[in-house]
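Engineer: Below is one structure. I have some questions about it.
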Amino acid sequence: MKVSEKPVILEIKDLHAGIEGQKILNGVNLKIHEGEVHAIMGRNGSGKSTLSKVISGHPSYQIISGEIIYKGKELSEFEPEERAVKGIFLGFQYPVEIPGVSNMEFLRVATNSRRKEEKKEELDSFDFEELVNEKLEIVQMDKNFLNRNVNEGFSGGEKKKNEILQMALLEPYISILDETDSGLDIDSLRIVADGINKLSRRNTATILITHYQRLLNQVTPHYVHIMNTGKIIKTGTKELAIELENSGYGNIEDPMQANNPSSI
Amino acid sequence: MNPQNTQEKIDSFSLPDRKSESWRKIDIKRIKQIINLSEGEEEEEGDNSNNLPVIADNSFRIILRTGVNDIDINKLPEGLELITTSEIREYINQSINKLDHKDDWGIKLNNKAKTQTFGLRIKKNNKVSLEIVIPEKINKLKAMRLLFIVEESSKFNLLEVITGETYSAHSVVSEMIIKENAIVNHGMIAVSKGKSTLLAKRSVSQEINSNYSFSFINQGWNLSRIEPEIVQLKGQATTYLRGLQIAQENQQLSTFSKIKFNGPDGNLNQLQKSMIENSAHSIFNGIIDVPQIAQRTNAAQLTKNLLLTEKGQVDTKPELRIIADDVKCTHGATISELEEEELFYLQSRGLKSSDATNLIIKGYAKDILDYFPLKISRWSSLNPLFIQ
Numbered sequence: 002m003k004v005s006e007k008p009v010i011l012e013i014k015d016l017h018a019g020i021e022g023q024k025i026l027n028g029v030n031l032k033i034h035e036g037e038v039h040a041i042m043g044r045n046g047s048g049k050s051t052l053s054k055v056i057s058g059h060p061s062y063q064i065i066s067g068e069i070i071y072k073g074k075e076l077s078e079f080e081p082e083e084r085a086v087k088g089i090f091l092g093f094q095y096p097v098e099i100p101g102v103s104n105m106e107f108l109r110v111a112t113n114s115r116r117k118e119e120k121k122e123e124l125d126s127f128d129f130e131e132l133v134n135e136k137l138e139i140v141q142m143d144k145n146f147l148n149r150n151v152n153e154g155f156s157g158g159e160k161k162k163n164e165i166l167q168m169a170l171l172e173p174y175i176s177i178l179d180e181t182d183s184g185l186d187i188d189s190l191r192i193v194a195d196g197i198n199k200l201s202r203r204n205t206a207t208i209l210i211t212h213y214q215r216l217l218n219q220v221t222p223h224y225v226h227i228m229n230t231g232k233i234i235k236t237g238t239k240e241l242a243i244e245l246e247n248s249g250y251g252n253i254e255d256p257m258q259a260n261n262p263s264s265i
Numbered sequence: 313m314n315p316q317n318t319q320e321k322i323d324s325f326s327l328p329d330r331k332s333e334s335w336r337k338i339d340i341k342r343i344k345q346i347i348n349l350s351e352g353e354e355e356e357e358g359d360n361s362n363n364l365p366v367i368a369d370n371s372f373r374i375i376l377r378t379g380v381n382d383i384d385i386n387k388l389p390e391g392l393e394l395i396t397t398s399e400i401r402e403y404i405n406q407s408i409n410k411l412d413h414k415d416d417w418g419i420k421l422n423n424k425a426k427t428q429t430f431g432l433r434i435k436k437n438n439k440v441s442l443e444i445v446i447p448e449k450i451n452k453l454k455a456m457r458l459l460f461i462v463e464e465s466s467k468f469n470l471l472e473v474i475t476g477e478t479y480s481a482h483s484v485v486s487e488m489i490i491k492e493n494a495i496v497n498h499g500m501i502a503v504s505k506g507k508s509t510l511l512a513k514r515s516v517s518q519e520i521n522s523n524y525s526f527s528f529i530n531q532g533w534n535l536s537r538i539e540p541e542i543v544q545l546k547g548q549a550t551t552y553l554r555g556l557q558i559a560q561e562n563q564q565l566s567t568f569s570k571i572k573f574n575g576p577d578g579n580l581n582q583l584q585k586s587m588i589e590n591s592a593h594s595i596f597n598g599i600i601d602v603p604q605i606a607q608r609t610n611a612a613q614l615t616k617n618l619l620l621t622e623k624g625q626v627d628t629k630p631e632l633r634i635i636a637d638d639v640k641c642t643h644g645a646t647i648s649e650l651e652e653e654e655l656f657y658l659q660s661r662g663l664k665s666s667d668a669t670n671l672i673i674k675g676y677a678k679d680i681l682d683y684f685p686l687k688i689s690r691w692s693s694l695n696p697l698f699i700q
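Below you can see the structure in the form of structure tokens.
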């Protein structure tokens, strides 16, 4: 495939990881090239969100073995903020409320951290306002959101749109969107999906973690991966997501398990 | 502390009764240090009140070094009037009886010391914005007695700034009488650099239809004890209390609030927050007294404590005394650590851990600091959090 000839942005090699002594990821392998959209699907508890947290450096999760290589560099020694400024973006399944902190101030500080790393000029509040107004149109959000506290009192849909707004401002190289479609009504889903499509560039990639095919109807993935018990058990194209929607996870077989007599 | 004791020591002054609830948790060693301090002479130079920020728009500033002598009566803005010392004494005697202060240790100390007095009347139907700066007396005890009478239908913005850098102590007792339909927005910045002591009693009586808001920050004292005491004389008034206590190093900071409703249909909204770092100790005790006569009182009290280290100590005690049966009174108290998920969220957007922590703390302080009068960002040299 043409896309696979492009440079690799992220490569995960035999990743084993967990939280508080509980092992959750059991050998994840994944390679993502520039320009690609990957969907990761799987039952609750299969390790999808854990994978996203481990990539973005959540301090509660520990890597037991394996590697995460981002743009040629091993990630495990980098703090979450270092990963972020280098262009790794995690869209949260449950965006966190930060009481008393204005969205505008937060977005400006975050944007400038990223711009500094990219050796771009940091924006003062006037220039930032201009930029943010432009990006607000992508997610069709009202300016009033900027004056409210970060995610405080936002509806589920507003929180998810705020995540996409951040993605638009930070211009990451790889975006990992953890169930960004959950809790969205049809209109909000369309806005969010349009936003993801508009923000995709030749040199960026996206990982969509989702339970449903409905998002994948609007953001077409190059690859669909199925996770089960902490690893990717099957990889296919959009048709795999359709198959899942029709017949559920029960019919998806882990080829490794199927060939292993001890598991019978 | 660096006690310059004996020469002007307050003779034979007994320590507070540690059996009483109000003094049980207080570090008595630090109280002893106050008693051993000498007092500053009235005319004596020696404070740190240089380099003050610009005065807020449409306001007037008084720096209280020696009390009433600091005021040039001809320069007072319209609507403000100086209260004579004898009048102040008369009010003080009345209030000692009315507010049951006879056995109050802090007031006894204030009475025993060479107290400087100062009183202002905000005249009927006027609007006045005033900033009062109370600097320390270097390495000495400074005792002040203040009186404010806010007459009917007047509006009074008051920002008090009390500071201390050396081994000094403040004993500041103030009374405020708020008449019918008057509105008072009172802020107090009480910030030290770790060595000084602050004992501050704030007694307020509210007539009906008055509105009193008291917002304060209590930070950086070796020992502090702030005691807002508000009486709604006949109910039907509104009170807001918002306190922020920032305890660092090995400081012991405390707030003892008491709100009494002496009539029906009174309203109270109280939010007390604290942040505790290192091995500091933060104390809050909040009494709400709703006797039988105070029917239909609507009172809410919430205390939140943010414990930033394992060695920090918090004592928080809401105390609701409700006799009236037709009332709506709520209270809540939380003690929490910095939320890991909040920190991670900000870090995942590129903020360094220290910047993320500062932003969360700034947000935590905001719903107290937002309510101060007279643009406290001017005083950001005392605390950068004031720049919101």
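Chains as they are written, first to last, in the numbering used here: chain C, 2 to 265; chain W, 313 to 700. Note that CB positions come from ideal geometry on N, CA and C, so glycine has one too.
Quick check on Gly675(W) - is its C-beta less than 7 Å from some C-beta in chain C?
Structural biologist: yes
Engineer: Which residues in the same chain have their Cβ closer than 6 Å to the Cβ of Glu654(W), if we skip the five residues on either side of it in sequence?
Structural biologist: Ile672
Engineer: Determine whether the Cβ of Gly19(C) lies closer than 7 Å to any Cβ atom of chain W.
Structural biologist: no
Engineer: Roughly how many angstroms separate the alpha carbons of Ile495(W) and Asn523(W), rounded to a whole number?
Structural biologist: 5 Å
Engineer: Taking the straight line between their C-alpha atoms, what separation do you get for Asn152(C) and Glu649(W)?
Structural biologist: C-alpha separation (whole angstroms): 20 Å.
Engineer: For chain C, check one thing: does any of its Cβ atoms lie closer than 7 Å to the Cβ of Ser660(W)?
Structural biologist: yes
Engineer: Give me the Cα-Cα distance between Lys424(W) and Leu392(W), rounded to the nearest whole angstrom.
Structural biologist: 29 Å
Engineer: Ignore the nearest five residues each way along the sequence and tell me which others in Lys88(C)'s own chain have a CB closer than 6 Å to its CB.
Structural biologist: The question names Lys, yet the displayed sequence has Gly at residue 88(C). Answer for Gly88(C): Pro173, Tyr174, listed in chain order.
Engineer: Taking Val110(C) as the query, report the chain W residues whose CB atoms sit under 9 Å from its CB, ordered along the chain.
Structural biologist: For the C-beta of Val110(C), the chain W residues within less than 9 Å are, from N- to C-terminus, Leu658, Arg661, Gly662, Leu663, Asp667, Leu671.
Engineer: Name the chain W residues that come within less than 7 Å of Gly46(C), Cβ to Cβ?
Structural biologist: Chain W residues near Gly46(C): none, gap ~19 Å exceeds 7 Å.
Engineer: Looking at the strands, I want to know which residues DSSP matches up with Met228(C).
Structural biologist: Gly43(C), Ile233(C)
Engineer: Measure from the C-beta of Asp679(W) to each C-beta in chain A and report whether the shortest distance is under 7 Å.
Structural biologist: Absence of chain A from the displayed structure is noted, the protein chains being C and W.
Engineer: Alpha carbon to alpha carbon, how far is Asn437(W) from Ser466(W)?
Structural biologist: 4 Å
Engineer: Would you say Glu654(W) lies against chain C (beta-carbon separation less than 7 Å)?
Structural biologist: So yes, Glu654(W) belongs to the interface.
Engineer: With respect to the beta strand (DSSP E) encompassing Lys341(W), which residues constitute its N-terminal and C-terminal limits?
Structural biologist: Looking at the DSSP string, Lys341(W) is not in any beta strand (DSSP E); the run it does join, the alpha helix (DSSP H), is 340-347.
Engineer: Drop a sphere of 10 angstroms on the beta-carbon of Arg661(W), count the other beta-carbons inside from all chains shown, and report buried for 16 or more, exposed for fewer.
Structural biologist: Under the 10 Å beta carbon count, Arg661(W) is surrounded by 16 or more other beta carbons and is classified as buried.
Engineer: Kindly indicate if chain W contains any beta-carbon less than 7 Å away from that of Ile99(C).
Structural biologist: Taking Cβ atoms only, chain W reaches closer than 7 Å to Ile99(C), which makes this a yes.
Engineer: Hey, quick one: how far does the alpha helix (DSSP H) through Gly499(W) stretch, first residue to last?
Structural biologist: Taken as a continuous stretch (DSSP letters only), Gly499(W) belongs to no alpha helix (DSSP H), being part of the beta strand (DSSP E) at 495-504.
Engineer: So Leu91(C) contacts chain W; which residues on that side make the cut at Cβ distance below 8 Å?
Structural biologist: Chain W residues near Leu91(C): Ser660.
Engineer: Would a check of beta-carbon distances place Arg149(C) closer than 7 Å to chain W?
Structural biologist: no
Engineer: Quick one, are the C-beta atoms of His223(C) and Val9(C) less than 7 Å apart?
Structural biologist: no
Engineer: Going by the beta-carbon positions, is the gap between Ala206(C) and Ile56(C) smaller than 7 Å?
Structural biologist: no
Engineer: Give the range of the alpha helix (DSSP H) segment to which Tyr676(W) is assigned.
Structural biologist: Segment 665-681, the alpha helix (DSSP H) holding Tyr676(W).
Engineer: According to DSSP, what are the bridge partners of Met587(W)?
Structural biologist: Ile558(W), Leu618(W)
Engineer: Taking only runs of the beta strand (DSSP E) that begin and end inside the region 125-186 of chain C, which ones reach a length of at least 3 residues, in chain order?
Structural biologist: Counting whole runs of 3 or more residues, the region 125-186 of chain C contains the beta strand (DSSP E) stretches 175-179.
Engineer: Taking the alpha-carbon positions, what's the Arg401(W) to Pro100(C) distance?
Structural biologist: 46 Å
Engineer: What is the DSSP secondary structure of Val55(C), counted as helix, strand or coil?
Structural biologist: helix
Engineer: Could you tell me the boundaries of the beta strand (DSSP E) in which Tyr62(C) lies?
Structural biologist: Going by DSSP, Tyr62(C) is part of the beta strand (DSSP E) stretching over 62-71.
Engineer: Looking at chain W, which residues of the region 112-142 of chain C have a Cβ within less than 7 Å of any of its Cβ atoms?
Structural biologist: The residues in question are Ser114, Arg115.
Engineer: Closest by CA to Asp716(W), which one among Ser114(C), Lys74(C), Lys49(C)?
Structural biologist: With chain W covering 313 to 700 only, the question about residue 716(W) has no answer from this structure.
Engineer: Helix, strand or coil for Ile520(W)? Go by DSSP, reduced to three states.
Structural biologist: Here Ile520(W) carries a coil assignment [DSSP, helix/strand/coil].
Engineer: Are the C-beta atoms of Glu164(C) and some chain W residue less than 7 Å apart?
Structural biologist: no
Engineer: Got a sec? Which residues, its chain only, sit under 6 Å from Ser504(W) by beta carbon, not counting five neighbours each side?
Structural biologist: Gly476, Gly532, Trp533
Engineer: Does DSSP put Leu108(C) in a helix, a strand or coil?
Structural biologist: helix
Engineer: Using CA coordinates, which residue listed in Lys162(C), Ile69(C), Glu135(C) is at the minimum distance from Gln94(C)?
Structural biologist: Lys162(C)
Engineer: Quick one, are the C-beta atoms of Ile571(W) and Lys546(W) less than 7 Å apart?
Structural biologist: no
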